[in-house]
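Novice: Got a structure here, written out as structure tokens. Questions coming.
Residue numbers (this note's numbering): 310 to 603.
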């Protein structure tokens, strides 16, 4: 807060004070307990008030759909201090994001949104200022449900990509070459072509900076816990959730909880950094050029 205040951004001491001076409030917090506290805690956004100023709350946290629906219900039970447009009651949207730190910095996030559709349409210009894509997923909690399903797929694909690349190294194929194969074949995925886990293969991703500055392994472990809890609640068999959860839990226990989740390549599969000399790289490009020419 001190840093932003020094830059001229208006700051407040508590969520309650933020709500007193805001028409729209956006939250993005680590876990369900944090969101509950910020909204319904002693100095929370709602603070037991019957009448509040914000007409729209957008929560972009990755939490379980059940908590999202509880908070949405609490918001809808409040009244507005000042009626705006046709809104009689304040509204909450769950709008978690995908894209990670890189997309946040480039304003190319994807928002998956749950809640009343008219509120989504009203909020879309705000979302588009932070992201490239927003997808309406249906009623309250559906955005949260979409996010935990997306992160399940992301975790499993990262494990599969890391396992394949580490196996390739053991079989004598360089990670750079195998990545080229994957990205031009049926194995292509975001983990291989946009967020490669092998240090030295791709610039500008966490693996190129010792797995710092990305999506922490402890957050992936948390999201997999949410997926597991939701699957259990609806009686859905999900063996890959269990295995991915086991791996990321182990990563955290071994001290890698703050490293980007792609560090499984190094710390679980014992993959090696890609080391390539300039002459080898030029030779590689020359071979590719001759192939294309022929």
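The C-beta atom is built at its ideal place from N, Cα and C for all residues, glycine as well.
1) Note the first and the last residue of the continuous alpha helix (DSSP H) segment covering residue 488.
2) Expressed to the nearest angstrom, what Euclidean distance is found between the alpha-carbon atoms of residue 522 and residue 385?
3) Using only the alpha-carbon positions, how far apart do residue 368 and residue 314 sit?
4) Determine the burial state of residue 444: buried for a count of at least 16 other Cβ atoms within 10 Å of its Cβ, exposed for fewer.
5) Measuring alpha carbon to alpha carbon, tell me which of 475, 351, 374 and 388 ends up nearest residue 365.
6) Nearest chain B C-beta to residue 378 closer than 8 Å, yes or no?
7) Residue 401 by DSSP, collapsed to three states: which one?
8) When the Cα atoms are used, what is the spatial distance from residue 327 to residue 402?
9) Any idea if residue 325 is buried or exposed, counting beta-carbon neighbours within 10 angstroms, 16 or more meaning buried?
10) So, is residue 317 buried or exposed, given that buried needs 16 or more other C-beta atoms within 10 angstroms?
11) Determine which residues share a DSSP beta bridge with residue 445 and list them.
12) Is it the case that the CB of residue 329 approaches a heavy atom of the ligand ATP more closely than 7 Å?
Specialist: In this structure, then:
1) Locating residue 488 in the chain shown gives position 179, counting from the first residue. Counting along the chain, the alpha helix (DSSP H) containing residue 488 begins and ends at 484-492.
2) Start at 1 with the first residue of the chain shown, and residue 522 comes out as number 213. Start at 1 with the first residue of the chain shown, and residue 385 comes out as number 76. Approximately 37 Å, taken between the alpha carbons.
3) Numbered from its first residue, the chain shown carries residue 368 at position 59. Numbered from its first residue, the chain shown carries residue 314 at position 5. Looking at the two C-alpha atoms, the distance is approximately 23 Å.
4) Residue numbering aside, residue 444 sits at position 135 when the chain shown is read from its first letter. Burial call: exposed.
5) For the purposes of this step, residue 365 is identified with residue 56 of the chain shown, where counting begins at 1. Comparing Cα positions, the closest option is 388.
6) This model lacks chain B altogether; it includes just one protein chain.
7) Along the chain shown, read from residue 1 onward, the residue named residue 401 stands at position 92. Strand at residue 401.
8) Stepping through the chain shown from its first residue, residue 327 is reached at position 18. Stepping through the chain shown from its first residue, residue 402 is reached at position 93. Taking the straight line joining both Cα atoms gives about 18 Å.
9) As a working mapping, residue 325 is identified with position 16 in the chain shown. That one is buried.
10) Residue numbering aside, residue 317 sits at position 8 when the chain shown is read from its first letter. When all chains shown are included, residue 317 counts as exposed.
11) Within the chain shown, numbered from 1, the residue matching residue 445 stands at position 136. For residue 445, which the question treats as bridged, DSSP gives the partners 422.
12) Ligands are entirely absent from the displayed structure, and the ligand ATP is therefore not among its contents.
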